[in-house]
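> Structure in structure tokens, see below.
Numbering (our numbering), first residue to last: 3 to 183.
Below, the structure is given as structure tokens:
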């Protein structure tokens with residue numbers, strides 16, 4: 003059942019992608035294509051919450067993996083981004099306005115460049131949002147879930163997600179700094 007909205011969203015993506023079936027387009031940006039398609043599954047099948055399986059795989063992996071090197075598991079980043087910056091705040095359409103803006107921008111700007119263009123209207127960029135996602139929304143909540151400053155980084159369906167698996171905090175922080183260069 004979840005396959006139908008996922009695959010239909012790929013058709014939406016292709017409508018915004020110049021030359022969507024060219025070999026170079028098909029091989030690039032899987033973290034965007036598959037992650038946002040997995041994000042769509044929750045919009046259409048909200049009660050299923052199957053996307054949380056992929057989100058938890060991401061949280062359980064060694065966090066030294068660059069998010070751009072994964073695909074379906076990047077869904078948690080897209081959930082965070084749309085919940086934090088989308089103007090539509092009610093389920094199941096939460097964040098669809100931001101996602102539409104992203105895809106419109108990706109029609110002429112690739113990857114993170116398109117994300118930065120979209121986020122510039124919110125006074126931020128990918129580096130800052132990814133840092134907030136990586137550090138505050140996933141790491142620090144494990145330590146102080148009652149902190150009011152931390153709660154602004156909570157996910158709408160926070161109870162579905164495992165705590166991030168911390169394998170080597172020093173290396174993870176080093177990785178975070180290097181990945182944003």
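Just so it is clear, CB atoms sit at the ideal spot from N, CA and C, and this is done for glycine as well. Only a predicted model underlies this, so the values are computations on that prediction, with no experimental measurement involved.
Might you give, ordered along the chain, the residues of its own chain that have their beta carbon closer than 6 Å to the beta carbon of residue 113, omitting 5 neighbours on each side?
Reading the chain shown from its first residue, position 111 is the one you call residue 113. For residue 113, where only same-chain residues beyond five positions count, the Cβ hits under 6 Å are 31.
> I need the DSSP call for residue 95, collapsed to helix, strand or coil.
Position 93 of the chain shown, counted from the first residue, corresponds to residue 95. It is coil, neither helix nor strand.
> Spell out a yes or no on whether the segment 111-126 and the segment 52-68 are touching, meaning 3 or more CB-CB pairs, one atom from each, closer than 8 Å.
no
> Note the first and the last residue of the continuous alpha helix (DSSP H) segment covering residue 35.
Start at 1 with the first residue of the chain shown, and residue 35 comes out as number 33. Start and end: 32-46.
> Could you give the C-beta distance for residue 82 and residue 139, rounded to a whole number, given that I count them as a contact under 8 Å?
Along the chain shown, one-based indexing puts residue 82 at 80. Along the chain shown, one-based indexing puts residue 139 at 137. Cβ-Cβ separation between residue 82 and residue 139: approximately 6 Å, consistent with a contact (criterion under 8 Å).
> If we count Cβ pairs, one from each stretch, closer than 8 Å, do we get three or more for the segment 118-136 versus the segment 36-48?
no
> Taking the C-alpha atoms as reference points, what is the distance between residue 80 and residue 165?
Within the chain shown, numbered from 1, the residue matching residue 80 stands at position 78. Within the chain shown, numbered from 1, the residue matching residue 165 stands at position 163. Approximately 18 Å, taken between the alpha carbons.
> Does residue 100 pass the burial test, meaning 16 or more other C-beta atoms within 10 Å, or should it be called exposed?
As a position in the chain shown, residue 100 is number 98, starting the count at 1. By the Cβ neighbour-count rule, residue 100 is buried, with 16 or more other Cβ atoms within 10 Å of its own.
> Taking Cβ to Cβ, would you say residue 53 is nearer than 8 Å to residue 77?
Sequence index remark: in the chain shown, residue 53 carries index 51 (1-based). Sequence index remark: in the chain shown, residue 77 carries index 75 (1-based). Against a cut-off of 8 Å, the Cβ pair of residue 77 and residue 53 comes out as a contact.
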